[in-house]
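Beneath this line is the structure, given in structure tokens, with notes to follow.
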Amino acid sequence: MRIVSGSRPTGKLHIGHYVGILENWVRLQNEGFETFYFVADWHALTTGYDETQNLAEYSKELIRMFMAAGLDPEKSVLFVQSAIKEHAELQLLFSMLTSVSRLERVPTYKEQKQQMEGNQSLANAGFLTYPVLQAADILIYKGEAVPVGEDQLSHVELTREVARKFNYTYNCEVFPEPESKLSHTPKLPGTDGRKMSKSYGNIINIESTPEELKKAIMPMITDPARKRKSDPGNPEICPVWSYHKAFRITEEDKKWVFNGCTKAEIGCVQCKKLLLQNMEKTLTPVWENLVEIDAREGYVDDVIYSGNKRAREIAKSTMHEVRNAMNLLF
Ligand code: TRP
Ligand code: SF4
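Take any residue in the sequence shown, count from 1 to its spot, add 3: that is its number in the numbering used here.
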């Protein structure tokens, strides 16, 4: 089965990206699927077309993090969307098969439009056709499964519709109808319990030092009922508990935290110390990989170059089939 997924380059990656997305991608790679992972740099333009000065650097940074997380360029095709111009060609063709009203009904579009009411920079057509580009990203590699978060389900649904419509209209079987592979890791909250977001200043970068982790975790908000160690608490409303679950806690330690908290037998400081240990354990291999990657000059560039090349070959071959099916002259 072929898996395709992409991520927008937004700068430094935080631990929510790691436990929510990258770990899942690595697992699929290691389970032996044929995996294609890319930097969706064109998608980043839909909301930031005027902020391109760091885009190239962020794209490289994302590939560097893909590798640090455990994506292996020998096993996965790692590439950058904007290097494969065929995505844009396929988007153009797909946009003929997609009605404007269908795109206006996409929930992510409706929500963002509401949130950014009056923001003229979001009046661009690319913002509306974002999911059509995503369909092209997936289908150009004949992706059969797409690991995504909940917010992307509607885009994969649209991708299925486009695939079906293409095959039906041109009486062919060029495209599969890909399924979503929903990641079951719940979203990691920020250190203040709100949504993890750069603008709230509540993120923790993957590339933190152990010292920085400690600085971020120790003051973390907990269940406010636990003023003293003798006050029982409820882990379900405590962001530290969400972190525990995301950072490979053993079943035994899980019980220790849960019982200790609800029966007021452990203190929050103890609880956080255990979390820190597990976070370091999880992140140490990533940090070690980063040291290795950075020691090899030009390594990231080389990986991008050869990943692009492999992706391009497949994209070109699909486009041949597409143009044939449509009877285009070229
Ligand atoms: N829309 C996705 C996001 O914002 C990124 C993306 C672009 C993507 N193209 C894709 C994800 C294709 C999966 C498959 O996260
Ligand atoms: Fe949260 Fe742990 Fe304190 Fe319970 S003991 S409130 S889970 S930090």
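Where is the CB? At the ideal position from N, CA and C, for every residue including glycine.
Expected contact under 8 Å - CB spacing of residue i and residue j to nearest Å
| i | j | result |
| --- | --- | --- |
| Phe82 | Ile307 | 7 Å |
| Gly23 | Thr188 | 5 Å |
| Ser200 | Ile206 | 7 Å |
| Ile6 | Pro150 | 6 Å |
| Lys232 | Ala267 | 6 Å |
| Asp53 | Ser85 | That belief does not hold up - the Cβ atoms of Asp53 and Ser85 are roughly 17 Å apart, past 8 Å. |
| Pro238 | Val260 | 7 Å |
| Lys319 | Glu89 | 6 Å |
| Asp140 | Gly9 | 6 Å |
Distance CB(residue i)-CB(residue j) smaller than 8 Å
| i | j | result |
| --- | --- | --- |
| Met119 | Ile209 | no |
| Ile66 | Val29 | no |
| Leu58 | Thr172 | no |
| Phe250 | Val165 | no |
| Val243 | Leu278 | yes |
| Ala314 | Val80 | yes |
| Ala148 | Pro181 | yes |
| Thr38 | Lys145 | no |
| Ser183 | Val109 | no |
| Tyr21 | Ala91 | no |
| Glu153 | Leu106 | no |
| Leu74 | Gln115 | no |
| Pro12 | Ser309 | no |
| Val325 | Leu93 | yes |
| Lys190 | Gly14 | no |
| Ile3 | Met70 | This structure cannot settle anything about residue 3, because the visible part of the chain is limited to 4 through 333. |
Per-residue burial, residue i [other beta carbons within 10 Å of its own, 16 or more giving buried]
| i | result |
| --- | --- |
| Met223 | buried |
| His323 | exposed |
| Arg163 | buried |
| Ala47 | buried |
| Thr253 | exposed |
| Asn311 | buried |
| Lys275 | buried |
| Ala138 | buried |
| Tyr203 | exposed |
| Leu142 | buried |
| Phe169 | buried |
| Gly51 | exposed |
| Ile87 | buried |
| Asn330 | exposed |
| Ile240 | exposed |
| Phe178 | buried |
| Val103 | exposed |
| Val289 | buried |
| Glu64 | buried |
| Gln280 | exposed |
| Leu95 | exposed |
| Ala298 | exposed |
| Glu26 | buried |
| Thr132 | buried |
| Val294 | exposed |
| Val159 | buried |
| Asp226 | buried |
| Ile117 | The sequence given here places Gln at residue 117; Ile does not occur at that position. Looking at its Cβ environment, which holds fewer than 16 other Cβ atoms inside 10 Å, Gln117 is exposed. |
| Leu161 | buried |
Proximity test, residue i beta-carbon vs the ligand TRP heavy atom, cut-off 7 Å
| i | result |
| --- | --- |
| Ser85 | no |
| Ser98 | no |
| Gly129 | no |
| Asp200 | Looking at the sequence provided, one finds Ser at residue 200 rather than Asp. Not so, every heavy atom of the ligand TRP lies at least 7 Å from the Cβ. |
| Val149 | yes |
| Ser10 | yes |
| Ala59 | no |
| Ile143 | no |
| Asp140 | yes |
| Gln115 | no |
| Val109 | no |
| Gln155 | yes |
| His17 | no |
| His20 | no |
| Gln94 | no |
| His187 | no |
| Gln137 | yes |
| Val2 | With the chain running from 4 to 333 in the structure shown, residue 2 is simply not present. |
| His247 | no |
| Ala318 | no |
| Ala43 | yes |
| His323 | no |
Contact test: residue i Cβ vs the ligand FMN heavy atom, cutoff 7 Å
| i | result |
| --- | --- |
| Gln118 | Judged by which ligands are present, the ligand FMN is missing from the structure shown, whose ligands are the ligand TRP and the ligand SF4. |
Let me have the residue list for the ligand SF4: C-beta closer than 5 Å to any non-hydrogen atom, ordered along the chain. Those residues, listed in chain order, are Thr225, Asp226, Arg229, Gly236, Pro238, Cys241, Val243, Trp244, Cys264, Cys271, Cys274.
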